[in-house]
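Under UniProt numbering, think of the first position of the sequence shown as 1, with each following residue one higher. Note that CB positions come from ideal geometry on N, CA and C, so glycine has one too. Worksheet for the structure shown next.
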Amino acid sequence: MATLTDAKRLVVKIGSALLVDRETGQLKSDWLRSLAEDVAMLRDNGTEVTLVSSGSIALGRRVLHLPEGELPVEQSQAAAAVGSIRLARAYEDVFTPHGKITAQVLVTLDDSTNRRRYLNSRATLDTLLSLGAIPIVNENDTIATDEIRYGDNDRLAAQVAVTVGADQLILLSDVDGFYNGNPHVDPNAKRFEEVEEITPEIQAMAGLGVSGLSKGGMITKLLAAKVASEAGCDMAITLGSPLNPLKQLMNGCNSTWFKAQTDPHSARKNWISAMKPKGEIRVDAGAAKALAEGNSLLPAGVTGVSGRFGRGDPVAITGPDGIRVGFGLTRYTAEETRKLRGHQSDEIEKVLGYKGRASLVHRDDMVV
């Protein structure tokens with residue numbers, strides 16, 4: 001069974017109820033400080049950590065004296081705008097004593113369904129993590145409307161885990177794992193220690209909820225587990241309310257682990273290889289050899305471009321004999337690629353008139 005100490009890249013989901021007191025609308029400062037202790041410890045031990053956090057609307061609504069209950073879209077967005085500043089400041093305040101840098105990253109569903117935005121989000125998060133920062137990701141509630149919303153942070157957390165190639169995802173919840181019934185109403189419900197595969201029987205156990213909670217939100221958590229496990233990411237559900245919740249998980253507190261069905265690298269390659277190419281980039285023998293050795297595709301090795309494709313679109317890469325040598329997601333449009341053909345990477349700004357990325361297709365976005 002997976003343990004938290006195995007994680008090289010970790011995503012942790014934090015709900016509003018853990019962060020904000022429902023009665024007072026105030027931040028639960030002691031709990032947040034304890035979480036920061038846990039994350040700092042993991043970061044010091046070499047684990048890259050991304051937090052997916054709710055809380056902006058809950059913090060902002062009290063400041064604006066908005067009523068309890070569901071708010072109109074405009075008021076929710078206003079509350080988020082006010083609360084997001086306070087949330088970002090709160091995270092900065094608890095991590096600064098540990099010498100950790102935090103970064104706020106606001107996303108919408110469009111950022112994962114649009115390949116260009118997805119690649120940009122991935123590159124930004126990768127860079128933040130490589131520089132030692134702790135990204136705090138939240139849905140951009142100030143602009144998101146129903147058609148571009150994730151709708152729940154379990155789903156968002158799973159997508160963030162996929163985007164950053166995490167090997168573990170932790171959902172800090174109001175329940176200490178996945179049960180075969182609703183533990184809030186059924187005292188005989190049994191908790192699973194580990195779920196190796198999300199079968200139809202497992203899905204049926206999530207069932208329909210009571211009081212709008214779907215067994216403590218278990219349906220959305222199971223959907224998140226399915227997305228994460230298929231992307232090569234182990235996922236755990238555990239009780240989030242105790243102080244130092246991640247340390248509690250490391251020490252063996254109740255939880256349920258959902259086992260990854262592959263590894264993140266293989267899952268991403270499979271996702272890319274299943275796409276239909278929108279164009280072709282032809283390369284010389286030297287570039288073909290470099291790709292075979294695991295390098296990115298640079299503009300200097302390009303000899304020809306065909307098709308119409310945009311940034312983030314899948315393209316086939318063929319060698320001088322016309323045989324496919326690779327397949328990947330391009331960082332430039334077809335028109336830009338034609339302009340860059342045969343040029344060195346340090347000439348990109350001169351050719352295009354703006355700074356671009358050094359590679360046409362990065363090795364992480366390529367199947368050879």
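Item	Value
Distance between beta carbons of K8 and T50, contact taken as under 8 Å	That belief does not hold up - the Cβ atoms of T50 and K8 are roughly 12 Å apart, past 8 Å.
At least 3 beta-carbon pairs within less than 8 Å: the segment 24-33 vs the segment 182-198	no
Residue of A81, Q104, H98 minimising C-alpha distance to S53	Q104
Beta-carbon proximity of S56 to A80, cut-off 8 Å	yes
Run of the beta strand (DSSP E) containing M235, from where it starts to where it stops	234-239
Local conformation of R191 per DSSP, three classes	strand
Counterpart residues of M366 in DSSP-defined beta bridges	G328
Alpha-carbon to alpha-carbon, M205 and residue 371	Within the shown structure, residues of the chain are numbered from 1 to 368, placing residue 371 beyond reach of any answer.
Length of the line joining the Cα atoms of L10 and E197	21 Å
Those residues which DSSP pairs with R282 across a bridge	G304, T318
Own chain partners of N244 with C-beta closer than 8 Å, once the 5 adjacent residues on each side are dropped	S34, L35, E37, D38
Outcome for V302 when other beta-carbon atoms lying within 10 angstroms are tallied against a minimum of 16	buried
N188 classed as buried or exposed, judged by whether at least 16 other C-beta atoms fall within 10 angstroms	exposed
Classification of I101 by the beta-carbon crowding that lies within 10 angstroms, buried from 16 upward	exposed
I323 burial status per 10 Å Cβ neighbour count (16 or more: buried)	exposed
S76 versus K350: straight-line alpha-carbon distance, rounded	45 Å
Exposure label - N182; buried when at least 16 CB within 10 Å	buried
Neighbour-count burial assignment, A267, 16 or more Cβ in a 10 Å radius	buried
DSSP-derived helix/strand/coil call for F95	helix
Residues near V107 in its chain [Cβ-Cβ closer than 7 Å; skip 5 each side]	S121, V137, E139, N140
Boundaries (first-last residue) of the alpha helix (DSSP H) holding I348	348-352
For F178, the nearest candidate out of R338, R282, G217, R155 (CA to CA)	G217
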